[in-house]
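Asker: Sending over a structure as structure tokens; questions will come in a sec.
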Amino acid sequence: MTCPSVLLGMSGGVDSSVAAALLVEQGYTVHGITLQVWEHEDESTAVSKRWEERGCCKVGLARFAAQRMGISHEVVDIRESFETQVIGDFVRGYLNGTTPNPCVRCNERVKVRTLYDLAVRRGIDYVATGHYAQIHKKNEDAWSLHRSQDIRKDQSYFLYRLQRSWLPRLLFPVGAMQKSEIWERAEGLGLPIEELQESQEICFVSQGDYRTFLQKEAPESRRPGQFVDHAGRVLGEHEGVAYYTPGQRRGLGVAVGQRLYVHQVVPETNTVVLGPEEGLLQSECAVADLNLFDHSLLDGPSEVEVKVRYATPPVPATLTPTVDGRIKINFRVPQRALSPGQSAVFYHADRVLGGGIIQK
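Using the numbering used here, the first residue of the sequence shown is number 3, and each one after it goes up by one.
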């Protein structure tokens, strides 16, 4: 009997390294792939430089882990696709006054898509990654995406834009495990756990913060304008609308006798609207650019839970489809600083129903 084959995305982190070991134990023929999405690793510094200091793609550590597991490994350069589909989208989003989420777009457009397409072309049965999520099979024609067992590490929020047709061929080996178990397995496998690290929130922003990155990639982002209140009164001068996001308080440089927060970014007038903290609470928003696993959400109002940021828990809300193809979200409890460009992901218990992009 032929063993099923799987193409495993290996970032060089602890999760994908342990995923490789689990898949081998489960009898799969594993082919490790590291997708080179950003700068090249400097092999000349291999002796003096720790793996996690050599760019976002830890090729050397991924190769080492593959050797320990006795599986094949190769590097596929997808920097051009990553540049246009993820970084370009990231920069345009901030220039347009929104707060993009590059991890969501990367899985949808580049990483998982590339692995899936490679597997299809090569006749490989499955695709696997080290994401904390789960795929459940209800029956032969019904597959669903679910949160991981370790809720603190759950990454289903970043995966809601995957195509429903991909689910039968996706494997998330660590999704049923706790993070503490992963570290124990890594140590038992002889992996250099002192060099393994958690993935950065934005893998290509390795120096400074996103503002520094924007200044380098899009010098036109530095375009001074005015801070104003909701009545249009000028409160001070900002450095460029791309450098501000709803809910931000630090770095405003405005002194008016009370704490002010960014309420709205308006690139059309090159202004940033400030106000008190209580003004950040919103009871509703609209989402578009939908990706739904459960299309019954378009049939009428639905009671679900909605997650508007990766780091916040899902909250009860009512979804109502609109005639223009969007979904209106009414939150049972007002939410703080909803950010256009971010994702709102819909859940029923642990099952991901889909989601969309928060609109202005």
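Positions of the beta carbon are idealized from the N, C-alpha and C atoms, including for glycine.
Which two residues bound the contiguous beta strand (DSSP E) that contains Thr-36?
Answerer: In the sequence shown, residue 36 corresponds to position 34, counting from 1. Per DSSP, Thr-36 belongs to the beta strand (DSSP E) from 31 to 38.
Asker: Could you tell me the alpha carbon to alpha carbon distance between Asp-326 and Ala-68, rounded to whole angstroms?
Answerer: Mapped onto the sequence shown, residue 326 falls at position 324. Mapped onto the sequence shown, residue 68 falls at position 66. Answer to the nearest angstrom: the Cα atoms are 49 Å apart.
Asker: Val-268 and Leu-237 - do their beta-carbons sit closer together than 8 Å?
Answerer: Walking along the sequence shown from the start, residue 237 turns up at place 235. Walking along the sequence shown from the start, residue 268 turns up at place 266. Their beta carbons are not under 8 Å apart, which means Leu-237 does not touch Val-268 by this criterion.
Asker: With a cut-off of 8 Å, do at least 3 Cβ pairs link the stretch 237 to 249 to the stretch 216 to 226?
Answerer: At 8 Å Cβ cutoff, the stretches touch.
Asker: Excluding the 5 residues flanking Arg-328 on each side, which residues of the same chain have their C-beta closer than 8 Å to its C-beta?
Answerer: Taking the sequence shown and counting its residues from 1, one reaches residue 328 at position 326. Closer than 8 Å at the Cβ level, and outside the excluded window around Arg-328, lie Ala-288, Val-289, Ala-290, Leu-292, Gly-358, Gln-361.
Asker: Does the separation of the CB atoms of Arg-115 and Val-88 fall below 8 Å?
Answerer: Numbered from its first residue, the sequence shown carries residue 115 at position 113. Numbered from its first residue, the sequence shown carries residue 88 at position 86. The answer is no: Cβ separation not under 8 Å.
Asker: Please classify Val-20 as buried or exposed, where buried requires at least 16 neighbouring CB atoms within 10 angstroms.
Answerer: For the purposes of this step, residue 20 is taken as the residue at position 18 of the sequence shown. By the neighbour-count rule (16 or more Cβ atoms within 10 Å), Val-20 is buried.
Asker: Could you tell me whether the stretch 150 to 163 touches the stretch 30 to 37, using the rule of 3 or more Cβ pairs below 8 Å?
Answerer: In short, these stretches do not touch, since the Cβ pair count stays below three.
Asker: Starting from Pro-104, trace the alpha helix (DSSP H) in both directions and tell me its first and last residue.
Answerer: Looking up residue 104 in the sequence shown gives position 102. Counting along the chain, the alpha helix (DSSP H) containing Pro-104 begins and ends at 104 to 111.
Asker: What separation, rounded to the nearest whole angstrom, lies between the Cα atoms of Glu-43 and Leu-9?
Answerer: Taking the sequence shown and counting its residues from 1, one reaches residue 43 at position 41. Taking the sequence shown and counting its residues from 1, one reaches residue 9 at position 7. Note that Glu-43 has pLDDT 46, beneath the 50 cutoff, so the model's placement of it is unreliable and no number is given.
Asker: DSSP beta-bridge partners for Arg-171?
Answerer: As a first step, residue 171 must be located in the sequence shown, where it is residue number 169. Paired residue(s): none; Arg-171 is not in a bridge.
Asker: For Ala-135, tell me which candidate among Tyr-263, Leu-173, Pro-316, His-350 has the shortest Cα-Cα distance.
Answerer: Here residue 135 refers to the residue found at position 133 of the sequence shown. Closest by alpha carbon: Leu-173.
Asker: Please confirm if the stretch 270 to 286 is in contact with the stretch 226 to 240, defined as three or more CB-CB distances below 8 Å between the two stretches.
Answerer: Segments in contact, yes.
Asker: Is the separation between the beta-carbon of His-232 and that of Pro-248 shorter than 8 Å?
Answerer: Residue mapping note: residue 232 aligns to position 230 of the sequence shown, counting from 1. Residue mapping note: residue 248 aligns to position 246 of the sequence shown, counting from 1. Not closer than 8 Å, so no.
Asker: Could you round the C-beta distance between Leu-191 and Arg-70 to whole angstroms and report it? I think they count as a contact, below 8 Å.
Answerer: Stepping through the sequence shown from its first residue, residue 191 is reached at position 189. Stepping through the sequence shown from its first residue, residue 70 is reached at position 68. Rounded, the Cβ-Cβ distance is 6 Å, consistent with contact.
Asker: Taking the alpha carbon of Met-179 as the point to measure from, which residue in Ser-18, Gln-38, Asp-301 has its own alpha carbon closest?
Answerer: For the purposes of this step, residue 179 is taken as the residue at position 177 of the sequence shown. The candidate whose alpha carbon is nearest that of Met-179 is Ser-18.
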